[in-house]
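**Q** Submitted below is the structure of interest, expressed as structure tokens.
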Amino acid sequence: MDLSDIFESASRSKIFADRSLLRPDYVPLELPHREKMITSLGRILSPALVGDRPSNVFVYGLTGTGKTAVTRYVTSALADHASKMKTPVPVSVKYINTRENDTSYRVLAEMASGIGIRVPFTGLSVAEVRARLVGALRSITTIYVVVLDEIDAMISRIGDPFLYQITRMNEEIQPSQMSIIGITNDIRLADNLDPRVKSSLNDEQVFFPQYQANELQDILAERAKLAFLPGALEPDVIPFCAAIGAREHGDARRSLDLLRRAGEIAEIRGANRVQRQDVEEARAALENDTIIDSIKSLTLDSRVLLLVLANAKLRGKDKLTSGELYASYENIITNGLKDNALTERRLADLVKSLEMSNLITANLVSEGRGGRTKHISLQIDPSRVIQSLADDPRLGDLAGSVGRDVLAHHEDCGARRWIL
DNA sequence: CGTCCACAGGAATGACGGGCGG
DNA sequence: CCGCCCGTCATTCCTGTGGACG
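Here it is in structure tokens:
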């Protein structure tokens, strides 16, 4: 088979009609079981069409409950409608993901770009960016609806004073007006906010409950109708994907990912139907992907931490204290990897970020006279860690020897010891 | 009931590369 | 090209702390 055959067969899929409909960022035209949220958000924003500033809104709901899709859908419908019917005041809409744009500078820069102002992505002072944004809004007249997605991520990084600053901008940007839609999956976010921010941002709320399994089925079926070729899905595939998503807090994104990945697996298999078995494999593959991806993005120091934890776990010690971890880490680093090990303080931050990416857990414990420390343990299969680190030229040998040593360890119990 | 362990984690500071405006 | 400011990484110095031990 030559290349053109491969490309040819790939372009004539036996499974997918349009794979892009299953991508996570696709905003569908139909959002089943979200009619209520669509109408309430629409009602909240509708004053924009008659030239009034809509209230600020908080949109609550766990991941994969359709917050982002509904908000994007409603805001873009609002903008379309406004431009079509030539409203007295034009309406502009900007969607900003504050996890990707997680500094005040970048958020302000994105806000500026939403009304056509280009700001260099670094180099100016925050105050300067803000001034340009305000100036631009003042020079035109618009109702500017700004969506701040994953706003909890932003607040934990830059804090709510920034949010307060944004809400206060309204006083300076006349004749323009601005509304903020904050999207969060932290249900209790408002409780921890500065009361002033809370009162101005929390005028209106839209809550997104978890999807039930049967609702997820509807969503998947709706999407599958166009994404897959007729008859490409075994009848139990969609219910199975829905069941998995339902079990994980009613997460539609998760279900859709599974469905797409299962389709890809079936396609690679050369089959023309997706089976339940493909979904099983898709689940394992997706899990593996996120682990590999997060390990790949780590620095040498964090990788060594994982390696130490993997080694300990393979030897039956699944918990290390911060002190033990640091000692082993320092040992490896100074034995030829780098000149200087990081300090304990810095390592504490690395541990924290590893914990954030769910690779490890770190529980604060106090053992009286034994002191106060963290019990740190690997959350993933240690062989995965070793496998992922084996192609790091700096760690390959080390990772390999951990693996070999454990093999040897199993063969003749404890005859050899591999010292970290 | 105070001590004291083994850290946690905040604050201040600095080095550094990127990228502006002038 | 300079001076400035940015975000990021890292260090130094520091105060805080849950609970077993004495």
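If you read the first sequence in my numbering, its first letter stands for residue 165, the second for the next number, and so on. Glycine is no exception: its CB is placed at the ideal position from the N, C-alpha and C atoms. Predicted, not measured: the structure shown is a model, and the values here were computed from it.
1) Determine the direct distance from the alpha carbon of T463 to that of M520, and round the result to whole angstroms.
2) Nearest by alpha-carbon distance to L489: which of A396, A474, D367, G500 is it?
3) Under 8 Å: do the stretch 505-519 and the stretch 436-451 share three or more Cβ pairs, one atom per stretch?
4) Suppose you measure from the CA of T525 to the CA of S458; what does that come to, to the nearest Å?
5) Between I344 and N527, what straight-line distance do the alpha-carbon atoms span, to the nearest angstrom?
6) With a threshold of 16 other CB atoms inside 10 Å of the CB of I432, please say whether the residue is buried or exposed.
7) Find out if the Cβ-Cβ distance for the pair V191, A243 is shorter than 8 Å.
8) Is the beta carbon of R302 closer than 8 Å to that of Q338?
9) Distance check for A491 and R558, CA to CA, integer angstroms please.
10) Between the stretch 407-427 and the stretch 373-386, do three or more beta carbon pairs fall short of 8 Å?
11) Ordered along the chain, which non-local residues of its own chain (more than five positions away) have a Cβ less than 6 Å from that of A476?
12) Round the Cβ separation of L450 and D421 to the nearest angstrom and send it over; I've been treating them as touching at under 8 Å.
13) Under a three-way DSSP split, which group does K178 fall into?
14) I need the DSSP call for A388, collapsed to helix, strand or coil.
15) Whose C-beta lies closer than 7 Å to the C-beta of R296 among residues of the same chain, with five residues either side of it excluded?
16) Tell me whether R294 is buried or exposed, calling it buried when 16 or more other Cβ atoms sit within 10 Å of its Cβ.
17) Could you tell me the boundaries of the alpha helix (DSSP H) in which V401 lies?
18) Per DSSP, what kind of secondary structure is L471 in: helix, strand or coil?
19) Under the rule that 16 or more other beta-carbon atoms within 10 Å means buried, what is K538, buried or exposed?
20) On the DSSP letters alone, give me the boundaries of the alpha helix (DSSP H) that D244 sits inside.
21) Taking only three categories from DSSP, how would you classify V529?
22) Secondary structure at V253, three-state DSSP: helix, strand or coil?
23) Using the Cα positions of L523 and T305, report the straight-line distance between them to the nearest angstrom.
24) Which partner residues does M342 have in the DSSP bridge list?
25) In chain order, what residues of the same chain lie with their CB nearer than 6 Å to the CB of N436, ignoring the 5 residues before and after it?
26) Taking 8 Å as the cut-off, decide whether the C-beta atoms of F371 and G230 are in contact.
**A** Walking through what the data contain:
1) If you draw a straight line from the Cα of M520 to the Cα of T463, it comes to about 15 Å.
2) Among A396, A474, D367, G500, the Cα nearest to that of L489 belongs to A474.
3) Counting Cβ pairs under 8 Å, fewer than three are found: no touch.
4) So the alpha carbons of these two residues sit roughly 15 Å apart.
5) If I take the Cα positions, the gap works out to 37 Å.
6) By the 10 Å Cβ count, I432 comes out exposed.
7) No, they are not a contact pair.
8) Yes, the pair counts as a contact, with Cβ atoms nearer than the cut-off.
9) If you draw a straight line from the Cα of R558 to the Cα of A491, it is about 19 Å long.
10) Yes: at least three Cβ pairs fall under 8 Å.
11) Same-chain partners within the cutoff: L484.
12) Cβ-Cβ separation between L450 and D421: approximately 6 Å, consistent with a contact (criterion under 8 Å).
13) Residue state, collapsed to three classes: coil.
14) Looking at A388 - three-state DSSP - the assignment turns out to be helix.
15) Excluding sequence neighbours, R296 sits near A276, I281, V283.
16) Buried is the label assigned to R294, since at least 16 other Cβ atoms lie within 10 Å of its Cβ.
17) Boundaries of the alpha helix (DSSP H) harbouring V401: 401-411, taken from the DSSP string.
18) Looking at L471 - three-state DSSP - the assignment turns out to be helix.
19) With 16 or more other Cβ atoms within 10 Å, it is buried.
20) Here the alpha helix (DSSP H) through D244 covers 231-248.
21) Here V529 sits in strand by DSSP.
22) Of the three classes helix, strand and coil, the one that applies to V253 here is coil, per DSSP.
23) Spanning the two alpha carbons is a distance of roughly 48 Å.
24) Answer is Y308.
25) Within the same chain, N436 has close Cβ partners K178.
26) No, these two residues do not count as a Cβ contact at 8 Å.
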